[in-house]
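Okay, so here's the structure we're looking at.
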Ligand SMILES: Nc1ncnc2c1ncn2[C@@H]1O[C@H](COP(=O)(O)OP(=O)(O)OP(=O)(O)O)[C@@H](O)[C@H]1O
Ligand SMILES: [Mg+2]
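Protein chains in written order, with this note's numbering: chain A, 894 to 1280; chain B, 4 to 255.
Rendered as structure tokens:
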């Protein structure tokens, strides 16, 4: 039954769409139902879904995808400054420009494979990062970051009054309706729903790629690139196409970041940001459809919780302990929260990779298998590749 | 002129002369066996045909076109397919997907971006892959993941992939190694049948003399990088040079 559902694309899309659109309600009980965090879920979901098209299908591990995220952000802010506060041209331009960069960076990097490919992409991303801080300051505004000003030309929608805000179809990204659902406070935010619709489209495109002949060739590249060449397939343009598509997804995510918060800084291109999307994809399940979205949500959710806890919160929490002991415990635990949340992330990551190499998706599959075992009686269920 | 013409091919690995002035002519439609002791350079010679290795000197002409300097996918698209000595398959994919990739390569060429079609909905490709899987007797295992196959079955899968491409020239590097006697005989039958119906030229490297003498029209014996004898099968067995090569090879 579940097996069938998992292979029915319409069912997958319906379930996914419902989950995303009901996000503000579903996540409210977990304290994650507010716009800022929901937007991050959707945006990083898009980033990870795109990354997975390259890494999950072809096996090429890029350590430089944050460069495209940054390029998308800068492009979107420039679109706000020069064209209009509408988010539509902003994200279209962000996707196009990052696609162009991906074409160049991918063309060069894909001349090598394995670790050399990873290093090349990392080098390119660090180059972009450093350029943004130095030579390109006229475009990037250096350390201050690129901001929207009321004095910007904006040739399409002219000089609007007051502080300009990104908007779509007359609705501003920051507009939010508050409601109540089963006694919970729920917030329906324009910015989130805009990102959510794009996430759903992005997910659908990824699904189609997974099922397509193109996707099959990409999986064959991961499995045995040499055989594919000896089978008459020119693997380089296939890998490059995957690289460009995933670069465009990253640019789209970057553009959306600027749409929800119209400023762009070079730190978005740092290697830590490139590493984060790798973690998200692996954590959720490399090469699976839904895994990257889960991984992105998982990391952003725990980042949000753990990074907010500081020593005062901890002390409050551990009030029941005698003072001397409490100080010690707070000191130890303090290393894992707040600024030190990356330590927790590292531990979680290690645990998952060691015990669940297939990521969260493998975890869910095991749970489902465990629950459906007694009924069927036979454990000879064919192992279908996780999708 | 043969469909494959090899002239004065040399290949050196450091101090080892792996191929020493190799000349070979394969007649169109024939089955040409290459035999010889381990390390004679048989696989190395095939590597020079498919773009895995570049010979130091010499020429390799296929259908009047030089293969040297072409990329592996170009050589394949020109009509040359190869079964490798260690099976080269897509281990993570199902048998069906393995053969469908070959079918796609045959129909759509070296690159065609089809990101919105559905593999499963492409009846032509499915049927074609299915037919080639049944030809090698693997149709019942079509949904298995290829890595789960036995060594002999992997080889048959690889053969199905090569046959799905309708090659003009099929290079087979020990196609029956690791197979049971029964599967070996099936493979011999299959190769004979397909040889006759489709007119595929074949170059077969084999240690199993039963296979060699069942299939070959022509046999080349290689030793230490050089073809020492080329003759019809009936003249090979009694040739003293051949016996010496095998015995000499065993002692070297
Ligand atoms: N890429 C390579 N680099 C260095 N030496 C190589 C390489 N490929 C083959 N050789 C050497 O060249 C010689 C010929 O090898 P080859 O694989 O062609 O032999 P073969 O006739 O196919 O033997 P077998 O029957 O065992 O498969 C061997 O000594 C081998 O070690
Ligand atoms: Mg060999």
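Even for Gly, the Cβ is constructed at its ideal location relative to N, Cα and C.
Computed from a prediction, not measured in an experiment: that's the story for all the values here.
When DSSP reads this structure, residue 958 of chain A sits in no beta bridge, so it has no partner. Neighbours of residue 116 of chain B in chain A, taken as residues whose beta carbon is under 7 Å from its own, are 1107 and 1134 in chain order. Neighbours of residue 1185 of chain A in chain B, taken as residues whose beta carbon is under 9 Å from its own, are absent, since the nearest beta carbon is some 18 Å off.
When B:106, B:154, B:67 and B:183 are compared, the shortest CA-CA separation from residue 169 of chain B is found for B:106. Following the DSSP letters along the chain, one finds residue 1089 of chain A in no beta strand (DSSP E) but inside the alpha helix (DSSP H) bounded by residues 1083 to 1104. For the 8 Å CB-CB criterion, residue 984 of chain A and residue 1109 of chain A do not form a contact. As computed with DSSP, residue 221 of chain B is found in a beta bridge with B:35. Residue 208 of chain B has its CB nearer than 7 Å to a heavy atom of ligand 2.
Comparing alpha-carbon positions, the option among B:153, B:59, B:247 and B:43 lying closest to residue 17 of chain B turns out to be B:59. DSSP lists B:172 as the beta-bridge partner residues of residue 204 of chain B.
Here the C-alpha atom of residue 1244 of chain A lies approximately 41 Å from the C-alpha atom of residue 1029 of chain A. Going by C-alpha positions, residue 20 of chain B is about 22 Å away from residue 210 of chain B. Burial is judged here by how many other beta carbons sit within 10 angstroms of a residue's own beta carbon; residue 131 of chain B has at least 16 and is buried. Distances from the alpha-carbon of residue 940 of chain A to those of A:1123, A:931 and A:961 put A:961 closest. When DSSP assignments are scanned along the segment 73 to 122 of chain B, the uninterrupted stretches of beta strand (DSSP E) that are 3 or more residues long and fall wholly within it turn out to be 83 to 86. The segment 1179 to 1193 of chain A makes no contact with the segment 998 to 1011 of chain A: fewer than 3 CB pairs, one atom from each, lie closer than 8 Å.
Proximity of residue 1004 of chain A to chain B, defined by a Cβ-Cβ separation below 8 Å, is not satisfied. Listed along chain B, the residues sitting closer than 7 Å to residue 1131 of chain A by beta-carbon distance are 114. When C-alpha distances from residue 1127 of chain A are compared across B:48, B:4, B:78 and B:119, the shortest belongs to B:78. Contacts with chain B at 8 Å (Cβ-Cβ) do not include residue 1000 of chain A. No Cβ-Cβ contact shorter than 8 Å links residue 158 of chain B with residue 140 of chain B. A contact between stretches requires three or more CB pairs, one per stretch, nearer than 8 Å, and the segment 1128 to 1144 of chain A meets this requirement with the segment 939 to 954 of chain A. The segment 194 to 206 of chain B and the segment 107 to 115 of chain B do not touch, with fewer than three beta-carbon pairs separated by less than 8 Å. The C-beta of residue 917 of chain A has 16 or more other C-beta atoms within 10 Å across all chains shown, which makes the residue buried. Residue 226 of chain B is bridged by DSSP to B:229.
Look at residue 176 of chain B: its beta carbon is less than 7 Å from one of the heavy atoms in ligand 2. The beta carbon of residue 31 of chain B lies closer than 7 Å to those of 5, 6 and 204 in the same chain, with the five residues before and after it left out. Contact between the segment 1111 to 1131 of chain A and the segment 119 to 134 of chain B is absent, with fewer than three C-beta pairs closer than 8 Å.
For residue 41 of chain B, the shortest C-beta to heavy atom distance toward ligand 1 is below 7 Å. Under the DSSP assignment, residue 1205 of chain A falls outside any beta strand (DSSP E), being part of the alpha helix (DSSP H) whose first and last residues are 1204 to 1210. Under the three-state reduction of DSSP, residue 1122 of chain A is assigned to helix.
In this structure residue 1223 of chain A touches residue 1204 of chain A by the C-beta definition: roughly 6 Å separates them, less than 8 Å. In terms of Cα proximity to residue 1167 of chain A, the closest of A:1014, A:951 and A:994 is A:1014. In the three-state DSSP reduction, residue 1248 of chain A falls in the helix class (H, G or I). Residues of the segment 148 to 171 of chain B that bring their beta carbon within less than 8 Å of a beta carbon in chain A comprise 148, 164 and 168, in sequence order. Within the segment 1030 to 1060 of chain A, there are no complete beta strand (DSSP E) runs of at least 3 residues.
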